[in-house]
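Engineer: In this note's numbering, the protein residues as written are 8 to 262.
Just so you know, even glycine gets a beta-carbon here, dropped at the ideal spot from N, CA and C.
All of these numbers come straight from a predicted model, not from anything done at the bench.
Structure, rendered in structure tokens:
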């Protein structure tokens with residue numbers, strides 16, 4: 008498959024001649040994720056062998072990897088810089104480029120204690136100093152240094168309301184969709200937004216999300232906004248979102 012890799016570029020109706028590619032994996036190929044995993048596995052092995060990481064229960068967690076995203080985790084400045092040095096060395100050895108620019112590679116400090124502003128900290132990656140940040144999005148979940156999820160929940164509610172209005176315009180407003188189909192649309196398009204990553208952050212009381220669900224339920228039933236919330240949920244057979252998050256967390260952590 009990789010004996011000779013060629014490509015061409017299509018510009019409008021014109022296509023260039025084929026040219027050879029000498030690095031990387033084929034875009035869209037089913038083998039590409041597997042081949043990249045083989046390629047990057049040496050980096051994970053070296054970090055696990057030479058650094059300490061953080062303690063989670065009885066497990067030492069040193070890095071998270073998803074596709075080409077890598078999260079390094081350490082409890083000390085020295086351990087984290089050692090990890091960054093290993094990444095730099097590995098990238099030079101195997102000829103790939105890391106991006107030290109802001110927004111691509113940053114350091115985030117977690118903890119409830121205020122930072123020491125008079126302590127000088129420098130983080131180096133690939134010969135470039137990288138910056139510290141107060142917030143970071145990983146796999147769609149917003150993380151902040153104090154580990155509260157206020158920003159995340161505000162974004163989820165805004166996104167859910169946009170989708171709710173889109174569903175309303177798809178046929179609910181004119182009564183073309185029966186309640187059963189409306190519930191299916193809610194379950195497929197709107198509710199998942201409010202539950203994304205809930206196994207991590209879901210142990211909270213989140214009235215704004217409950218309000219979105221109750222509002223959607225009243226729209227589906229086409230009843231008064233003053234209808235009792237318990238009646239709306241009971242008529243549709245819906246749990247509260249808090250109860251659903253509790254179940255999701257029990258299933259996940261039960262594993």
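Reducing DSSP to helix, strand and coil, say where residue 96 ends up.
Structural biologist: Helix at residue 96.
Engineer: Does the Cβ-Cβ distance between residue 160 and residue 213 come in under 8 Å?
Structural biologist: Yes, they are a contact pair.
Engineer: Taking only three categories from DSSP, how would you classify residue 116?
Structural biologist: In the structure shown, residue 116 sits in coil (DSSP, three-state: anything other than H, G, I, E or B).
Engineer: Can you list, in chain order, the residues of its chain with a C-beta nearer than 7 Å to that of residue 175? Leave out the 5 residues immediately preceding and following it.
Structural biologist: If we look at residue 175 and ignore the five residues flanking it on each side, its Cβ neighbours are 226.
Engineer: Would residue 171 and residue 223 qualify as a contact pair, given that the criterion is a beta-carbon distance under 8 Å?
Structural biologist: In this structure, residue 223 lies closer than 8 Å to residue 171 by Cβ.
Engineer: Rounded to a whole number of angstroms, what is the C-alpha to C-alpha distance between residue 235 and residue 164?
Structural biologist: So the alpha carbons of these two residues sit roughly 22 Å apart.
Engineer: Does any CB atom of chain D fall closer than 8 Å to the CB of residue 104?
Structural biologist: Protein chains in the displayed structure number just one, and chain D is not present.
Engineer: Taking a contact to mean a Cβ-Cβ separation below 8 Å, would you say residue 8 touches residue 15 in this structure?
Structural biologist: Not closer than 8 Å, so no.
Engineer: In the DSSP output, which residue or residues are listed as bridge partners for residue 130?
Structural biologist: Paired residue(s): 137.
Engineer: Should the region 135 to 151 be regarded as contacting the region 178 to 188, the criterion being three or more beta carbon pairs within less than 8 Å?
Structural biologist: Contact fails: fewer than three Cβ-Cβ distances are below 8 Å.
Engineer: Among residues of its own chain, excluding the 5 on either side of residue 89, which ones have a beta-carbon nearer than 6 Å to its beta-carbon?
Structural biologist: Counting only Cβ-Cβ distances below 6 Å, and skipping sequence neighbours, we find 58.
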